[in-house]
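Residue numbers (this note's numbering), protein chains in the order written: chain S, 364 to 641; chain W, -3 to 803; chain L, 282 to 487. Before any comments, here is the structure.
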């Protein structure tokens, strides 16, 4: 892992986090038919700011990865063939729309189009995550060239985005939304567990000169930190009448666990790079 | 060493300043004004006549000059195509003559020549004369003026000469520069004009092989011209690695051509060398130092199977069996006696040899039969196996096999031995005349440390020749173009201890281009310019039929001077300047050198002006009909006898017999167990054999630390995976290689391309002891011994036992 | 058929001397750390113990490789900035003005041909000495080789002479990018040997 790959690691995590927030906000808004005006507005306002800030920070970090950032003005030149070009386009499009949505929510008098904007942002966010995943699926990099890459990127998006809202706004969302979030996260985590055991049948029969660099054991251990988070969320869904203060603390804890787990997973992802040939 | 960790600055940013524009214009003005200088003016105007601008090739603002690759002691003499812009070499290419044929191939430079810019403009080049401050060996110096420096050296030489005599002064063996005017020959010439200095014979490269070959063949000129190899059917490369060390530019290319023509090639070597990979059909790993056992077993197989050439042996050899022994020696052990074991009771069977050399007996048998039947066949002896204890034996054994199979004097065959090129002996190397040494005393080149310690007690038994006994210990060393003192001489730690003692050698001057380990032990350091900064000329390296001119491309930077100029200025202080310079400047000397070639090997060579004008760099004589050594002798041995006592090939040498030392100098070639071998008690403590092969990244110690070369071939201790595993050693980690003489600590490279039981630390790396005295760069001579071989008094520097440890 | 310049490399006679690597470094002033042409030392096989002797079943050869100016270059396809282009003579070159140094091309290339120049921040690679080719000369590495194992010419012509082998270990299947290189394998080469690059520290490309 050299310095330019660290910046990619933070870029993808932060960008996907932003898309996850957007998804959470959309779900929150859609599931909330009878919303308490004050509460919902707060989450929307905060959430959109956070989503916007995250994607802007992500964009900034992505520039750190470039050795000649000034030439990035050409980066949309190869939409025809290059998934990286497409990804840059998607990140830009998503960022534009989410910032637009943020300004709309904060400034506009009549917020009639709020739902459409949220839906558009969410779809763009998902498309962005898709292009992020696809660009890693390079033909000559077998370890990344599997559907697992897309799956873990989406898992990251969903888990981090939704658990963040739970961690900081659990007292401001309704029980129905809270429960939906919990179920979605738990199902996603079960999917995550299955990726650990699934092999994608990528038996490479080709010449490979250099295997991936050594990954210190600590990262493989920290990959499992999502388990305590999972347990906490299970308890939250099974147990009734937990005090709001306690539940907030539990949600914080779960969120921290997921951050560590996803960070480790992403580190392992980058560090396991190797190439066919030399 | 500072320059080894140098950050990679672009080659165009160098600290060594080429002449300023103003100086260059001044040069042109002089030329334009047609001012001719008399040769006696060797002052700062020296060199103004050098580059007549109009004759050089221009490509826009780039001047192309073709010149010989600076002659160090690599195995090649090649052509460099220099691109010069704004007085700086910006590109180096190689020979680009249109023809690249077997008869007259291009002389293509290797990585050492191609990366020369990194050496030429290296920031660590010596710039000023320096005098020692601090203790000798500490490497602490202060700059002084040339006048002061040369006065100091002259006074010291005079003082020591007057007090102890000329034979107490040594200009050591040194092969760092060979372009006529850079190199120790310039200092030798001066010394010979002022009473002489201690002479020496032999070399570090070829002590045993040059001494022993004439005992068999009466001459050193035993090699056919190399183009003849294409006529061979079977070629054994025994301990020979031309693809890496070169051994004459294109030798590897010629073997490739031979193979294309149907020759089968076998490499017998403890390492799967570059040559083995590129040129061999089969690699036979053999334990170092046991070659004579395999050669003897091959002879056994050949004789037992009646495959020896009986006619040739009868007609052209003596000593093969009882019927052809010299007078008075009829009852002595003859060659067949030894091989068949009729006298010592040990038939030298392949099974006997297998236990010693580690080569399976079936393989020995098969190769022997192939060599004897797939004729004409070549057995080429490399130099590593004779740079060992009893190295004389392997030379003679390696000559005996061609003799008994009748591979001598025929096209496609090879007589073996040192094999200087037929018919005229090949390249001259040096034509700059040194004159004759008034001091008659000569020591073997390797015994100079003995001469320091006990010179006065050295006599015939210590290899002293020319006098009965030396009349003095060595008191002054003036080292020119040599890194022998510390680095290339054996037993570095012992040598350092001897040299540090200022009561032994009272004054050491070192003349070089870099602060080498030897230079660190100097009392006076004189900075020399590179061969691109002076006029020079080179011909082939051992083999070849060409002359390559080396026009001056730069002015010497800072205060560097050529070896010739330093000696000329020193000559003035002895009042022999005119005798030394003959009133010639550098270019005139090269003109004179071209004349020497015209009078000898190349009657059609144009003069220097024309050569420079043509700008091909090289004058070559195509070899259409390769000369065959001993062709006449084979046809008519009575009319063309050899210069041996019997006039024939001596498988038994009465001369050696008469020396009366059958245990160490037998009359016939014998396997003698080395004094440090896997079979002795020393193997308990130090079970591994160590080699120090000639690395691609260096020429001996020249080029060490040049960044591109270090990147391509980093200095490592090469070890077999089995030996590494036993010691828990991982690839790339630092290991300790040691014996009783010293310790080395460097990163290792695990490679399967070396025999188990053998480690390899490429020779020439600059000695870099840390605070505990452990060498951290891998100078193999930390592990080698001062013990010399019995007949040639040669260096046995590859006979080393060591142990290796994980750190 | 359109011209496609290509390299022919005779691995059976390559000694691994790296004159090609150094010639290239000199021509393009490449600093330590950037090698457009690398020489890989490959070895396989084992040492066997028999009757108290160690028998070598070791095989070894070298691969000298720069850029193969592929017919379907994955670097060109993937570059977001269109900074890599293919000329009408088949050379794959980098337009440094457009390059932003994202290294995506380096990730993809199975021949390790792309190198980031840390001082300019741009990706660099073998240009097949395009300037020499334009003058009718040969690339620097080709004329440098002391064993004369490198050749240069039109791919179809070289293929007629030498076949179209290019998948010698450690090189990948030619299907990914269709490299314009032809290799003559060493006589000791065969598939299904425990081949390994044994000079990894000398060639590793980040």
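Note that beta-carbon positions come from the ideal geometry of N, C-alpha and C, so glycine has one too.
Should residue 329 of chain L be labelled buried (16 or more other beta-carbon atoms within 10 Å of its own) or exposed? An exposed status is given to residue 329 of chain L, since fewer than 16 other beta-carbon atoms sit within 10 Å of its beta-carbon.
Touching by the beta-carbon criterion (3+ pairs, under 8 Å), the segment 619 to 634 of chain W and the segment 220 to 233 of chain W: The segment 619 to 634 of chain W is in contact with the segment 220 to 233 of chain W.
Residues from the segment 336 to 362 of chain L in contact with chain W, defined by Cβ distance under 9 Å: Residues 336, 337, 339, 341, 342 and 343.
By the three-class DSSP mapping on this structure, what secondary structure does residue 500 of chain S have? In this structure, residue 500 of chain S counts as coil in the three-state DSSP scheme.
Please classify residue 793 of chain W as buried or exposed, where buried requires at least 16 neighbouring CB atoms within 10 angstroms. Buried is the call here.
Using the Cβ count rule (16 or more neighbours within 10 Å means buried), how would you classify residue 406 of chain W? Burial check for residue 406 of chain W: the Cβ neighbour count within 10 Å reaches 16 or more, so the residue is buried.
For residue 171 of chain W, which residues from the same chain have a beta carbon less than 6 Å from its beta carbon, with the 5 sequence-adjacent residues on both sides left out? These residues qualify, in order along the chain: 69.
Could you give the DSSP three-state label for residue 475 of chain W: helix, strand or coil? Strand at residue 475 of chain W.
Give a yes or no on whether the C-beta atoms belonging to residue 299 of chain W and residue 355 of chain W are separated by under 9 Å. In terms of Cβ geometry, residue 299 of chain W and residue 355 of chain W do not form a close pair [threshold 9 Å].
Look at the alpha carbon of residue 540 of chain W and the alpha carbon of residue 244 of chain W, and state the distance between them as a whole number of angstroms. Straight-line Cα distance between these residues: approximately 7 Å.
Pull up the CB-CB distance for residue 150 of chain W and residue 549 of chain W, whole angstroms please, since I reckon it's below 8 Å. Between residue 150 of chain W and residue 549 of chain W a beta carbon distance of about 31 Å is seen, past the 8 Å cut, so the two are scored as non-contacting.
Exposed or buried, residue 88 of chain W, counting other C-beta atoms within 10 Å across all chains shown (16 or more means buried)? By the Cβ-count criterion, residue 88 of chain W is buried, with 16 or more other Cβ atoms from all chains shown falling within 10 Å of its own Cβ.
Counting contacts by CB-CB distance shorter than 9 Å, is residue 488 of chain L in contact with chain W? Since the first residue shown for chain L is 282 and the last is 487, residue 488 of chain L is missing from the structure and cannot be characterised.
If we cut at 9 Å on Cβ distances, does residue 571 of chain S have a partner in chain L? For residue 571 of chain S, the answer is yes, since a Cβ of chain L falls inside 9 Å of its Cβ.
Residues of chain S with CB under 7 Å from residue 450 of chain L, in chain order? Within chain S, the residues near residue 450 of chain L are 570.
Straight-line CA distance for residue 168 of chain W to residue 185 of chain W? Taking the straight line from one Cα to the other gives about 13 Å.
Contact set between the segment 377 to 394 of chain L and chain S, restricted to residues whose Cβ is under 8 Å from the partner: Answer set for the segment 377 to 394 of chain L: 378, 379, 380, 381, 382, 383, 384, 385, 388, 389, 390, 391, 392 and 393.
Spatial distance of residue 608 of chain W from residue 416 of chain L (CA atoms): One alpha carbon belongs to residue 608 of chain W, the other to residue 416 of chain L, and they sit about 25 Å apart.
Buried or exposed: where does residue 767 of chain W fall if 16 or more other Cβ atoms within 10 Å of its Cβ makes it buried? The residue is exposed, with fewer than 16 neighbouring Cβ atoms inside 10 Å.
Residue of S/592, S/412, S/630 and S/432 minimising C-alpha distance to residue 523 of chain S: For residue 523 of chain S, the nearest C-alpha among the options comes from S/592.
When you compare only the Cα positions, how much space is there between residue 29 of chain W and residue 115 of chain W? In this prediction, residue 29 of chain W scores a pLDDT of 42, lower than 50, which makes its location untrustworthy; no coordinate-derived value is stated.
Between the alpha carbons of residue 459 of chain S and residue 465 of chain S, how many angstroms are there, rounded? Going by the C-alpha atoms only, they are around 10 Å apart.
With DSSP collapsed to three states, give me the class of residue 626 of chain W. Correct three-state label for residue 626 of chain W: coil.
Just to check my reading of the structure: residue 342 of chain L and residue 467 of chain L have Cβ atoms closer than 8 Å, yes? What is that Cβ distance to the nearest angstrom? The Cβ separation is near 3 Å, so the contact holds.
Residues that DSSP places opposite residue 405 of chain L in a beta bridge: DSSP output for residue 405 of chain L lists L/396 as bridge partner(s).
At a CB-CB cut-off below 9 Å, which residues of chain L make contact with residue 728 of chain W? Those are 481 and 482, listed as they occur along chain L.
Residue 525 of chain S versus residue 440 of chain S - alpha carbon distance: The C-alpha of residue 440 of chain S is placed about 35 Å away from the C-alpha of residue 525 of chain S.
Mind checking if residue 704 of chain W is an interface residue toward chain L, Cβ cutoff 9 Å exclusive? Taking a beta-carbon distance threshold of 9 Å, residue 704 of chain W counts as an interface residue toward chain L.
According to DSSP, is residue 387 of chain L helix, strand or coil? Residue 387 of chain L: helix per DSSP, three-state reduction.
If you draw a straight line from the C-alpha of residue 109 of chain W to the C-alpha of residue 76 of chain W, how long is it? Each residue's alpha carbon lies about 7 Å from the other.
Per DSSP, what are the beta-bridge partners of residue 461 of chain W in this structure? DSSP output for residue 461 of chain W lists W/438 as bridge partner(s).
I need the straight-line Cα distance from residue 483 of chain W to residue 760 of chain W, nearest angstrom please. For residue 483 of chain W and residue 760 of chain W, the gap between their C-alpha atoms comes out near 7 Å.
Alpha-carbon spacing of residue 462 of chain L relative to residue 445 of chain L, whole angstroms: Residue 462 of chain L and residue 445 of chain L have their C-alpha atoms spaced approximately 8 Å apart.
If distances are taken between C-alpha atoms only, which option among S/582, S/504, S/563 and S/475 comes closest to residue 624 of chain S? The shortest C-alpha separation from residue 624 of chain S is found at S/582.
Measuring only the C-alpha atoms, how far is residue 448 of chain W from residue 494 of chain W? Those two C-alpha atoms are separated by around 8 Å.
I'd like the list of long-range same chain contacts for residue 410 of chain S, defined as Cβ closer than 6 Å, with 5 residues on each side in sequence excluded. Shown here for residue 410 of chain S: same chain residues with a beta carbon closer than 6 Å to its own, the five before and five after excluded, namely 384 and 388 in chain order.
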